[in-house]
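A.B. asks: Per our numbering, the sequence shown runs over residues 818 to 1173.
Ideal Cβ positions, reconstructed from N, Cα and C, are used throughout, including at glycine.
Below you will find the structure I want to go over with you.
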Amino acid sequence: MQKENWNDAIKDITLPDEEVRQAALARWNQLAKPLHGMGKLEETIARIAAIQGTIHPLIDKKGIVVLCADNGIVKEGVSQTGDEVTAVVAGNFLSGQTSVCKMAKAAGADVLPYDIGIRTDVKGLTRTPYKISCGTNNFLREPAMTRKETIQAIHIGMQIVKERKQEGYEILATGEMGIGNTTTSSAVACSLTGEPVEVMTGRGAGLSDKGLTRKKAVIREGLDKWRPDPSDVVDVLSKVGGLDLAGLAGVFLGCATYQIPAVLDGFITSVAALAAARIHPAVRNYLFASHCSKEPAHARILKELGMEAPLCLEMALGEGTGACALFPLLDMAMAVYEEMSSFDDIQIAQYEEFTT
């Protein structure tokens, strides 16, 4: 199939400022503490500085973009619950009655939910500019989406980031809500990586052994039927993916375009990030892993992205909860980076860097 020309949409993606990153690392070394004493957090803050183009980055205004959508593949018995749950939980984002809402309040972040494809409309959440359709097709019967719908979802994700950038958001985490989306994510992951279904498929929200066997069989049959082209991200997403995955891929492309650090959540957002990175490899430079979830393939996807998660908490909540958990650590690292005395301030010679 003919691939789309992405040049216009992603023409502004550039690499973060390497000189600023090096300057931020040098600042860390000047602080009155052991060299590299803050470990990987030092590199994380330096990367954020490079993305923002300043040695004094800001991450005060934090958002968690949560894309909500339903998946027709649920009809095949791949989930413990029905897709009516998606709309219920999506509505709870508005009232603050979800796990990520409680965590975000503690972390000083805003939860930013979007209905990009829930089967039913959700009062107060559903808005025409963002909603593409009422769920996707059952990919055992027909492709999950058309190419047009997939591309539309990607562009909507990019637009969301542009709007939030204009509102002053300095860092964005990502999350999702959609019953059945570990099935679509596993299918997309298998296609993009070439790994077998058995390696890339987990229990999602608590499937039984019988349910897991069914889930693997459904993914295998869908991949065999449609043969998505791994060199064509749109083909993969449209055949076996979901609107939330396509939209999240757009969010990551948008973060790279508008120079905003993007924090991944779990397996689902990481698969979307891999899709975005296949469209434009520079996207990887704007991504930050948060945690490694219970899904067995999550670590494999992070490895594919060249990333390592700083937190290993065995979380399996979704919604952006794992990404939100990283925010307090980043705030603590920023406090040290910006407020700690330097060796010059306390008139003590700084540590020397030795190489082995």
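For proline 1204, which residues does DSSP report across the bridge?
C.D. replies: Since the displayed the chain opens at 818 and closes at 1173, residue 1204 lies outside it and no answer follows.
A.B. asks: Thinking glycine 1058 and valine 1005 are a contact (beta carbons under 8 Å), I'd like their distance in whole angstroms, please.
C.D. replies: As a first step, residue 1058 must be located in the sequence shown, where it is residue number 241. As a first step, residue 1005 must be located in the sequence shown, where it is residue number 188. Indeed they touch by this definition, with Cβ atoms about 5 Å apart.
A.B. asks: I need the DSSP call for leucine 842, collapsed to helix, strand or coil.
C.D. replies: Here the question's residue 842 lines up with position 25 in the sequence shown. In the structure shown, leucine 842 sits in a helix (DSSP, three-state: H, G or I).
A.B. asks: Just to confirm the assignment, what range does the beta strand (DSSP E) spanning alanine 990 have?
C.D. replies: The residue given as residue 990 occupies position 173 in the sequence shown. Taken as a continuous stretch (DSSP letters only), the beta strand (DSSP E) holding alanine 990 covers 988-994.
A.B. asks: Mind checking which residues open and close the alpha helix (DSSP H) that includes cysteine 1007?
C.D. replies: If you number the sequence shown from 1, residue 1007 lands on position 190. Start and end: 998-1010.
A.B. asks: Where does phenylalanine 1160 sit, in a helix, a strand or coil, going by DSSP?
C.D. replies: Position 343 of the sequence shown, counted from the first residue, corresponds to residue 1160. It is coil, neither helix nor strand.
A.B. asks: With lysine 878 and glutamate 980 assumed to form a contact (beta carbons below 8 Å), what rounded beta-carbon distance in angstroms separates them?
C.D. replies: Numbered from its first residue, the sequence shown carries residue 878 at position 61. Numbered from its first residue, the sequence shown carries residue 980 at position 163. Not really, about 14 Å apart at Cβ, beyond 8 Å.
A.B. asks: To which residues does DSSP link valine 1080 through a beta bridge?
C.D. replies: Within the sequence shown, the letter at position 263 stands for residue 1080. Per DSSP, Ala990, Phe1105.
A.B. asks: Rounded to whole angstroms, what is the Cα-Cα separation between arginine 936 and glycine 894?
C.D. replies: Your numbering for residue 936 matches position 119 in the sequence shown. Your numbering for residue 894 matches position 77 in the sequence shown. Cα to Cα, arginine 936 sits roughly 17 Å from glycine 894.
A.B. asks: By DSSP, does leucine 848 sit in helix, in strand, or in coil?
C.D. replies: Counting from 1 along the sequence shown, the entry for residue 848 is found at position 31. Strand.
A.B. asks: Go to phenylalanine 910, then tell me how far its alpha helix (DSSP H) extends in each direction, as first and last residue.
C.D. replies: On the sequence shown, residue 910 is found 93 positions in, with the first residue counted as 1. Start and end: 901-912.
A.B. asks: Let me make sure I understand the geometry here. Which of Pro1047, Glu1155, Met975 has the alpha-carbon closest to that of alanine 863?
C.D. replies: Translated into positions along the sequence shown, residue 863 becomes position 46. Nearest C-alpha to alanine 863: Glu1155.
A.B. asks: Quickly, what does DSSP pair leucine 1147 with across the bridge? List them, please.
C.D. replies: As a first step, residue 1147 must be located in the sequence shown, where it is residue number 330. BP columns for leucine 1147 are empty, so no partner.
A.B. asks: Taking the C-alpha atoms as reference points, what is the distance between alanine 1236 and glycine 1019?
C.D. replies: Any answer about residue 1236 is impossible in this case: the structure gives the chain only from 818 up to 1173.
A.B. asks: In whole angstroms, give me the CA-to-CA distance for alanine 1142 and serine 1107.
C.D. replies: Numbered from its first residue, the sequence shown carries residue 1142 at position 325. Numbered from its first residue, the sequence shown carries residue 1107 at position 290. Going from the Cα of alanine 1142 to the Cα of serine 1107 covers about 7 Å.
A.B. asks: Spatial neighbours of lysine 982 within its chain, please: C-beta separation below 7 Å, excluding the five flanking residues on both sides.
C.D. replies: Reading the sequence shown from its first residue, position 165 is the one you call residue 982. If we look at lysine 982 and ignore the five residues flanking it on each side, its Cβ neighbours are Tyr1075, Ile1077.
A.B. asks: Quick test of your reading: isoleucine 1085 and glutamate 993, contact by CB under 8 Å. State the CB separation rounded to the nearest angstrom.
C.D. replies: Looking up residue 1085 in the sequence shown gives position 268. Looking up residue 993 in the sequence shown gives position 176. About 5 Å separates the two Cβ atoms, so the contact holds.
A.B. asks: For the alpha helix (DSSP H) holding alanine 866, just list the boundary residues, first then last.
C.D. replies: As a position in the sequence shown, residue 866 is number 49, starting the count at 1. 857-869 is the span of the alpha helix (DSSP H), which, as asked, contains alanine 866.
A.B. asks: Could you tell me the alpha carbon to alpha carbon distance between arginine 1023 and aspartate 834, rounded to whole angstroms?
C.D. replies: Along the sequence shown, one-based indexing puts residue 1023 at 206. Along the sequence shown, one-based indexing puts residue 834 at 17. It should be noted that the sequence gives glycine, not arginine, for residue 1023. Their Cα atoms are separated by approximately 43 Å.
A.B. asks: Is it right to say methionine 818 is buried, meaning 16 or more other beta carbons lie within 10 angstroms of its own, or is it exposed?
C.D. replies: As a working mapping, residue 818 is identified with position 1 in the sequence shown. In this predicted model, methionine 818 has a pLDDT of only 38, less than 50, meaning its place in the structure is not dependable; the value taken from the coordinates is given anyway. Exposed, because fewer than 16 other Cβ atoms sit within 10 Å of the Cβ of methionine 818.
A.B. asks: Which of the three DSSP states, helix, strand or coil, is assigned to leucine 832?
C.D. replies: Within the sequence shown, the letter at position 15 stands for residue 832. Three-state DSSP puts leucine 832 in coil, outside helix and strand.
A.B. asks: Since alanine 1089 and leucine 1062 should fall inside the 8 Å C-beta cutoff, what is the C-beta to C-beta distance between them, to a whole number of angstroms?
C.D. replies: Taking the first residue of the sequence shown as 1, we reach residue 1089 at position 272. Taking the first residue of the sequence shown as 1, we reach residue 1062 at position 245. Indeed they touch by this definition, with Cβ atoms about 5 Å apart.
A.B. asks: Could you give the DSSP three-state label for leucine 875: helix, strand or coil?
C.D. replies: Here residue 875 refers to the residue found at position 58 when the sequence shown is read from its first residue. It is coil, neither helix nor strand.
A.B. asks: Tell me isoleucine 1128's beta-bridge partners as DSSP assigns them.
C.D. replies: In the sequence shown, counting from the first residue as 1, residue 1128 sits at position 311. It is worth fixing the name first, because residue 1128 is leucine in this sequence and not isoleucine. His1108.
A.B. asks: Quick check: what's the CA-CA separation for proline 874 versus alanine 866?
C.D. replies: Residue numbering aside, residue 874 sits at position 57 when the sequence shown is read from its first letter. Residue numbering aside, residue 866 sits at position 49 when the sequence shown is read from its first letter. Between proline 874 and alanine 866, the C-alpha separation is close to 5 Å.
A.B. asks: Taking just the CA atoms, how far does phenylalanine 1160 sit from threonine 1001?
C.D. replies: Within the sequence shown, the letter at position 184 stands for residue 1001. Within the sequence shown, the letter at position 343 stands for residue 1160. Straight-line Cα distance between these residues: approximately 52 Å.
A.B. asks: With 16 as the cutoff for other CB atoms within 10 Å, does cysteine 1129 come out buried or exposed?
C.D. replies: Along the sequence shown, read from residue 1 onward, the residue named residue 1129 stands at position 312. By the 10 Å Cβ count, cysteine 1129 comes out exposed.
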